[in-house]
Amino acid sequence: MSKAQSKNILNTNRKAHHRYHILETVEAGIVLTGSEVKSAKTGGLNLSDSYAVLKNGEAWLLNCHIAPYAYDALGMRQAEPTRSRKLLLKKQEIAKMMSKAQAKGWTVIPVEVYVNEKGLVKVLLGLAQGKSGPDRRDDIKRKDLERELGRKYKLH
Numbered sequence: 001m002s003k004a005q006s007k008n009i010l011n012t013n014r015k016a017h018h019r020y021h022i023l024e025t026v027e028a029g030i031v032l033t034g035s036e037v038k039s040a041k042t043g044g045l046n047l048s049d050s051y052a053v054l055k056n057g058e059a060w061l062l063n064c065h066i067a068p069y070a071y072d073a074l075g076m077r078q079a080e081p082t083r084s085r086k087l088l089l090k091k092q093e094i095a096k097m098m099s100k101a102q103a104k105g106w107t108v109i110p111v112e113v114y115v116n117e118k119g120l121v122k123v124l125l126g127l128a129q130g131k132s133g134p135d136r137r138d139d140i141k142r143k144d145l146e147r148e149l150g151r152k153y154k155l156h
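Note that the numbering used here has the sequence shown beginning at 1, numbered continuously upward.
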């Protein structure tokens, strides 16, 4: 089985590529409760305004909304939907990301959340630099041009 087929993508941050230039990516584990994992696997995950913070040698994911699990028959205690969630990274990876994020003014954002071949929920973090207004407009113009050319030269 190829690498692309072995991961099941739960959610992607669609605004990430629109708002930021993604310069590097790092895979991280995430600490979730059982009901959060079930909810994420059934589509209750939203990454739109989430970001990662590196402090005290630890990485934390903030503003990631995981809806309460809908099929909870036992009435288990549900965690707060937007609570801070710890990210699992090696110390060297955290140090590398902290130095780049602080020195160059970059932001750490989640690009996608997926389940790997072992069944573990992983987060793909991106070291990103914010786009300016003209950069966004250039991207929109390029996409519109590609769409028009695709329509014009579409094979029938």
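Heads up, the beta-carbon is just placed ideally off N, CA and C, and yes, glycines get one too.
| So what's residue 44 in DSSP terms, helix, strand or just coil? | coil
7 Å CB neighbourhood of residue 93 in its chain, flanking five on each side removed | 26
### Task
Label residue 113 either buried or exposed according to how many other C-beta atoms from any shown protein chain fall within 10 Å of its C-beta, with 16 as the threshold for buried.
buried
Closer than 6 Å by C-beta to residue 24: which residues in its own chain qualify, once you throw out the five before and the five after it? Chain order, please. 127
#### Entry: Best match in 140, 154, 83 for proximity to residue 66 [C-alpha to C-alpha]
83
If you draw a straight line from the C-alpha of residue 149 to the C-alpha of residue 138, how long is it?
16 Å
Discussion item. For residue 35 and residue 78, which I take to be in contact (beta-carbon distance under 8 Å), what is that distance rounded to the nearest angstrom?
Written reply: 6 Å
key: Closest residue to residue 20 among 102, 130, 99, 111 (Cα-Cα distance)   = 130
Taking the CB atoms as reference points, tell me whether residue 125 and residue 29 lie closer together than 8 Å.
no
Close Cβ partners of residue 153 (< 6 Å) along its chain, the five nearest in sequence each way excluded
none
- Message: Taking the alpha-carbon of residue 70 as reference, which of 38, 61, 52 has the nearest alpha-carbon?
- Response: 38
Residues near residue 81 in its chain [Cβ-Cβ closer than 7 Å; skip 5 each side]
65, 66, 67, 68
- Could you give the distance in angstroms between the alpha-carbon of residue 1 and the alpha-carbon of residue 9? With a pLDDT of 44 at residue 1, under the threshold of 50, the modelled position of this residue cannot be trusted; read the value that follows with caution. The straight-line gap from Cα to Cα measures roughly 16 Å.
- Query: Apart from the five residues just before and just after residue 101, which ones in its own chain have a Cβ nearer than 8 Å to its Cβ?
  - Reply: 54, 107, 108, 127
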